[in-house]
Amino acid sequence: MISSISMLRNSFLAATLAALALPVALAQGAADVAKQLSAERFTIVSPFPPGGPVDMLARVLGDGLAKRYGQPAVVENAIGAAGNIGIEKVKRAKGDGHTLLVVPAGNLTINPTLMPKFPFDIEKDFVPVTMLAKAPNVLVASPASGIKSAKDLVAQAKAKPGTLSYASPGIGSGLHLAGELFKQQAGVDMLHVAYKGTPPALNDVLGGVVPLMFTNLPAALPFIQNGKLVALGITEAQRTPVAPNIPTLAEQGIQGVNVTSWYGVLAPAGTPPAVAEQLARDAAAILAQPEIQAKLQGQGMVQATMTPAAFAKAMKDETAVWAGVIKSRGIKAE
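When you read off a place in the sequence shown, starting at 1, and then add 698, the result is the number in the working numbering.
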């Protein structure tokens, strides 16, 4: 009996000591990560030109990391090949948390299926860190079209299949695929008109040349507010705080068209999970600052930070959706 009691006492003591040691071990791990991140400068790669949302978010992240770790952060605009030059640069970098890629959704969830010779394996070549921010998309119509709601659009499209047209910034763009997904979910047939970029497409919708377009809410909002465009519906499950008066497509009975323009952060393969997790927490804290929140809102964006695991799942789920649309609609890259 005494031996059994002694064994139980020793087991309890060992378990207690292990439990007490766990926070210390975790604290040491966090301290090691902080020490590693404080060891040298950061390079934040933006694969697109200065002045756009990717560049802006890269600079916000870089400035925040520089302040947190006492090291400079340089933003490199490695431009070309539809973003692939910058992505390649990060792929070849050391996985220690000091080289990061800020990139839009399309490069991660559309291009792997759309491009026949896509040169990366996103899951193998990179470590997901976090989504940073997102901007809702909106379906808009020219006032000249007479279409005032998504229900009006569906009724007209079903009455005259294949005659209504919608503009997009180009074949295979997220906004083109949003239109194809809408057609699929609403059971309508519309004609796609591809442009080379958002500005010319939006100009033709404003001019009534093409009646419809899916576009980023920040680009369309000034024209919605002054009556030059009619907002038919937000392509998100919930209304956006950026424009809470615009109903979602789901509210109007068109389910499954959840299309958001978002921007995320990747690190090179080999980046330790603890480093990715710490960088995700850092990004969340940086973007939560009131002055950064105001900057995001000024760009029509909201914070969308998450854990690396949640980000990995979000990318995987969205990639599957777009792969289905691209294959079922027979969409091929230009």
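In this text, a Cβ means the ideal position worked out from N, Cα and C, and glycines have one as well.
Enumerate in chain order the residues of its own chain whose CB-to-CB distance from residue i is below 8 Å, with the five nearest sequence positions on each side excluded.
i, result
"Ala725", "Per-residue confidence for Ala725 stands at a pLDDT of 42, beneath the threshold of 50, marking its modelled position as unreliable; the derived number appears in the next sentence. Nothing meets the Cβ criterion."
"Pro909", "Ala839, Ser840, Ala842, Ser843, Ile845, Leu862, Ser863, Tyr864 and Val903"
"Gly760", "Phe740, Ile742, Ala771, Val772 and Val773"
"Ser736", "Tyr767, Gly768 and Gln769"
"Lys792", "Pro966 and Gly968"
"Gln882", "Val1023, Ser1026 and Arg1027"
"Gly860", "Asp887, Met888 and Leu889"
"Ala719", "For Ala719, the predicted model reports a pLDDT of 44, less than 50, meaning its position is unreliable and no value from the coordinates is stated."
"Glu738", "Gln769 and His796"
"Pro1006", "Val825, Pro826, Val827, Thr828, Pro971, Ala974, Glu975 and Ala978"
"Gln734", "Asp794, Gly795 and Val973"
When you compare only the Cα positions, how much space is there between residue i and residue j?
i, j, result
"Lys849", "Ala1002", "30 Å"
"Ser744", "Ala732", "24 Å"
"Gly906", "Asp887", "20 Å"
"Ala831", "Asn956", "16 Å"
"Ile990", "His890", "37 Å"
"Ala884", "Gly968", "43 Å"
"Gly1028", "Thr807", "17 Å"
"Leu875", "Leu919", "21 Å"
"Phe710", "Pro970", "Because the pLDDT at Phe710 is just 45, under 50, the model does not fix this residue reliably, and the point stays unresolved."
"Leu763", "Ala1018", "33 Å"
"Gly895", "Asn901", "11 Å"
"Pro966", "Val836", "33 Å"
"Lys787", "Ile820", "14 Å"
"Lys1014", "Pro942", "29 Å"
"Pro945", "Leu851", "14 Å"
"Ala1012", "Pro802", "13 Å"
"Ile952", "Ser959", "19 Å"
"Glu878", "Lys765", "44 Å"
"Ala723", "Ala1010", "Here Ala723 scores only 40 on pLDDT, less than 50, and its place in the model is too uncertain to base an answer on."
"Lys789", "Ala853", "48 Å"
"Val823", "Gly749", "The residue you asked about is not Val; residue 823 is Asp in the sequence shown. Each residue's Cα considered, the two are about 28 Å apart."
"Asn809", "Ile777", "16 Å"
"Lys926", "Ala857", "26 Å"
"Phe921", "Gly795", "41 Å"
"Asn924", "Ala1008", "38 Å"
"Pro721", "Asp980", "Only weak support is given to the placement of Pro721: the predicted model assigns it a pLDDT of 45, under 50, and the question is left unresolved by the model."
"Ala855", "Ala929", "17 Å"
"Arg937", "Asn775", "33 Å"
Give me the residue from the options with the minimum Cα distance to residue i.
i, options, result
"Ile742", "Ala776, Gly968, Lys1011 and Thr797", "Thr797"
"Pro834", "Tyr961, Ala764, Ala853 and Asp753", "Tyr961"
"Glu934", "Ala855, Val928 and Leu915", "Leu915"
"Gly954", "Ala756, Ala776 and Gly931", "Gly931"
"Met1004", "Lys1025, Lys1014 and Ala978", "Ala978"
"Leu816", "Ala779, Ala1018, Gly793 and Asp794", "The residue you asked about is not Leu; residue 816 is Phe in the sequence shown. Ranking Ala779, Ala1018, Gly793 and Asp794 by Cα distance to Phe816 puts Ala779 first."
"Val800", "Val827, Val940 and Lys858", "Val827"
"Pro867", "Phe912, Gly784, Lys856 and Asp730", "Phe912"
"Val752", "Gly925, Pro810 and Met999", "Met999"
"Gly872", "Glu1016, Ser847 and Gly727", "Glu1016"
"Leu964", "Val825, Gly877, Gly781 and Glu738", "Val825"
"Gly804", "Gly749, Ser1026 and Ala1021", "Ala1021"
"Gly784", "Leu985, Phe746 and Ala992", "Phe746"
"Ser847", "Val940, Glu949 and Pro939", "Glu949"
"Val940", "Leu994, Ala986 and Pro988", "Leu994"
Can you find the residues in the same chain that come closer than 6 Å, C-beta to C-beta, to residue i, ignoring five residues on each side of it along the sequence?
i, result
"Gly996", "none"
"Ala1031", "Leu812, Met813 and Gly870"
"Gln976", "Val731"
"Phe880", "Val955"
"Ala982", "Thr1003"
Looking only at DSSP bridge pairs, what is residue i linked to?
i, result
"Thr913", "Val836"
"Tyr1033", "With the chain represented from 699 up to 1032, any question about residue 1033 goes unanswered, as that position is not in the structure."
"His890", "Tyr864"
"Asn775", "Ser744"
"Val758", "DSSP output for Val758 lists no bridge partner at all."
"Val928", "Ala839"
"Trp960", "Lys832"
"Thr946", "Ile932"
In chain order, what residues of the same chain lie with their CB nearer than 7 Å to the CB of residue i, ignoring the 5 residues before and after it?
i, result
"Leu755", "Val800, Leu830, Ala831 and Tyr961"
"Ala729", "none"
"Ala972", "Gly727 and Val731"
"Gly781", "Pro745, Phe746, Val801 and Asn805"
"Ala899", "Ala865, Ser866, Pro867, Tyr893 and Met911"
Quick check on residue i - is its C-beta less than 9 Å from some C-beta in chain D?
i, result
"Ala779", "No chain D appears in the structure shown, which is made up of a single protein chain."
In chain order, which alpha helix (DSSP H) runs of at least 4 residues are fully inside the region 790 to 853?
List check, alpha helix (DSSP H) in window: 803 to 807, 809 to 812 and 820 to 823.
What alpha helix (DSSP H) runs, 4 residues minimum, are completely inside the region 962 to 1015?
971 to 985 and 988 to 996
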